[in-house]
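Chemist: As numbered in my numbering, residues 1 to 293 make up the sequence shown, in order. Backbone N, C-alpha and C define an ideal beta-carbon position, used for all residues, glycine too. I'd like to ask some things about the structure below.
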Amino acid sequence: MDRKVVFRQRVLPYLLLAPQLAITIVFFFWPAGQAVWFAFLRQDAFGIRTEFVGFENFADLFADPLYLETIRNTAVFSIGVTAAALAVALLLAVLADRQIRGAGGYRILLIWPYAIAPAVAAVLWIFLFHPQIGLLGRALNGAGLDWDYKLNGGQAMLMVILASAWKQVSYNFIFFLAGLQSIPKSVLEAAAIDGARAVRRFWTITFPLLSPTTFFLLVVNLVYAFFDTFGVIDALTKGGPAKATETLIYRAYVDGRVNLDLGMSSAQSVVLMLVVICLTAIQFRFIERRVHY
1 MDRKVVFRQR
11 VLPYLLLAPQ
21 LAITIVFFFW
31 PAGQAVWFAF
41 LRQDAFGIRT
51 EFVGFENFAD
61 LFADPLYLET
71 IRNTAVFSIG
81 VTAAALAVAL
91 LLAVLADRQI
101 RGAGGYRILL
111 IWPYAIAPAV
121 AAVLWIFLFH
131 PQIGLLGRAL
141 NGAGLDWDYK
151 LNGGQAMLMV
161 ILASAWKQVS
171 YNFIFFLAGL
181 QSIPKSVLEA
191 AAIDGARAVR
201 RFWTITFPLL
211 SPTTFFLLVV
221 NLVYAFFDTF
231 GVIDALTKGG
241 PAKATETLIY
251 RAYVDGRVNL
261 DLGMSSAQSV
271 VLMLVVICLT
281 AIQFRFIERR
291 VHY
């Protein structure tokens, strides 16, 4: 039964919303507005002279072959992180949903990595896969594999994908496990009585019923790969070697913070903002769709 709350005073609802609105305006709308404005300007490195150039920053941006290569890197990186994080999280959620001894402890251990900062997660992977000091890195070289992600672009991309996906697995695991536990057991038991094996039950019943959760996590993981993986890339490869792991968010940081090209960096930020707006619109458009039987 729905209950409607009626405020006696009109001022009170606005006062309750004021802190959140203030935070949103100060930390989102104001910086976003500045980024849009600076995207149409061109400044010198010292910020002394500013010139309005219209859409020239965007034209120069998409005419740059290095930026197009960065887009390709971002696409490969985002697809790799999303696919790996979702697949591993779903597998772990299915295993943790079984009735086994100590299942609660396993679930807690699987959630812990989400509390680790991205830069710290990258350092942990350095200790594992560094070619000189890493335990697994030295083992790979000892086995005859020429492993050095600091010199090999393909290995570097694999490293940042694995480290970023490992960081996100815990988040996906929580949602997948909640989705699995919300599926009526009677549906699965009826399918088992009809003779459907475990694999068939999963693909024909369990996974379709998880489709809203899966689609939600798909959008969230893409946004995560675009933005929240900066710390992993900066700590592991710094966009190298030879810009092989430079993504859109890291390129915007390098142009704005290192090269002091605020106009070009702001133009890249606007492009990323539009990407997130599109992903959010898709999520709100399709996330309410449910699978019914």
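Counting Cβ pairs closer than 8 Å, one from the stretch 165 to 181 and one from the stretch 200 to 218, do we hit at least three?
Modeler: At 8 Å Cβ cutoff, the stretches touch.
Chemist: Looking only at its chain, what residues have a beta carbon closer than 6 Å to the beta carbon of alanine 165, apart from the 5 residues adjacent to it on each side?
Modeler: Val81, Ala84, Ala85.
Chemist: As an exercise, report each continuous beta strand (DSSP E) stretch of at least 3 residues that is fully enclosed by the stretch 7 to 88, in chain order.
Modeler: Correct list: 41 to 43, 50 to 52.
Chemist: Excluding sequence positions up to five away, which residues of its chain have a Cβ less than 7 Å from the Cβ of histidine 292?
Modeler: The predicted model places histidine 292 with a pLDDT of 44, which falls under 50 and marks its position as unreliable, so this point remains unresolved.
Chemist: For a test of the three-state rule: what should DSSP assign to glutamine 132, helix, strand or coil?
Modeler: In the structure shown, glutamine 132 sits in coil (DSSP, three-state: anything other than H, G, I, E or B).
Chemist: Buried or exposed, going by whether 16 or more other CB atoms sit within 10 Å of the CB of phenylalanine 29?
Modeler: Per the 10 Å Cβ criterion, exposed.
Chemist: Which first and last residues belong to the alpha helix (DSSP H) in which glycine 195 is found?
Modeler: Element bounds for glycine 195: n/a, residue is neither H nor E.
Chemist: Unbroken beta strand (DSSP E) runs of length 3 or more, entirely within the stretch 131 to 190: which are they?
Modeler: DSSP runs (the beta strand (DSSP E)) wholly in the stretch 131 to 190: none.
Chemist: Within this structure, are the beta carbons of alanine 87 and alanine 121 separated by less than 7 Å?
Modeler: No. Outside cutoff.
Chemist: Near valine 123, which residues of its chain fall below 7 Å by C-beta distance, leaving aside the five closest residues on each side in sequence?
Modeler: Only Ala235 meet the Cβ criterion.
Chemist: Could you work out which residue in Ile111, Ile205, Val36, Ser170 is closest to proline 184 when comparing CA atoms only?
Modeler: Of the listed residues, the one whose Cα sits closest to proline 184 is Ile205.
Chemist: Excluding five sequence neighbours on each side, which residues of the same chain lie with their C-beta closer than 7 Å to the C-beta of phenylalanine 227?
Modeler: So the list reads Ile249, once near-sequence residues are dropped.
Chemist: Once you ignore the five residues that flank leucine 188 on each side, which residues in its own chain have a CB closer than 8 Å to its CB?
Modeler: Excluding sequence neighbours, leucine 188 sits near Arg201, Ile205, Thr206.
Chemist: With a CB to CB cut of under 7 Å and the five nearest residues on each side skipped, what residues in its chain are close to isoleucine 126?
Modeler: Correct list, in chain order: Gly134, Leu236.
Chemist: How about glycine 263 and arginine 42: are their beta carbons less than 7 Å apart?
Modeler: Cβ distance < 7 Å, so glycine 263 and arginine 42 count as in contact.
Chemist: Put proline 118 into one of helix, strand or coil per three-state DSSP.
Modeler: Helix at proline 118.
Chemist: Whole angstroms are fine: how far does the CA of phenylalanine 77 sit from the CA of leucine 145?
Modeler: Whole-angstrom Cα-Cα distance: 23 Å.
Chemist: Taking all protein chains shown into account, do 16 or more other C-beta atoms lie within 10 angstroms of the C-beta of tryptophan 147, making it buried, or fewer, making it exposed?
Modeler: The residue in question, tryptophan 147, is buried, as its Cβ has 16 or more Cβ neighbours within 10 Å.
Chemist: Identify whether proline 208 lies in helix, strand or coil by the three-state DSSP scheme.
Modeler: DSSP places proline 208 in helix when its eight states are reduced to three.
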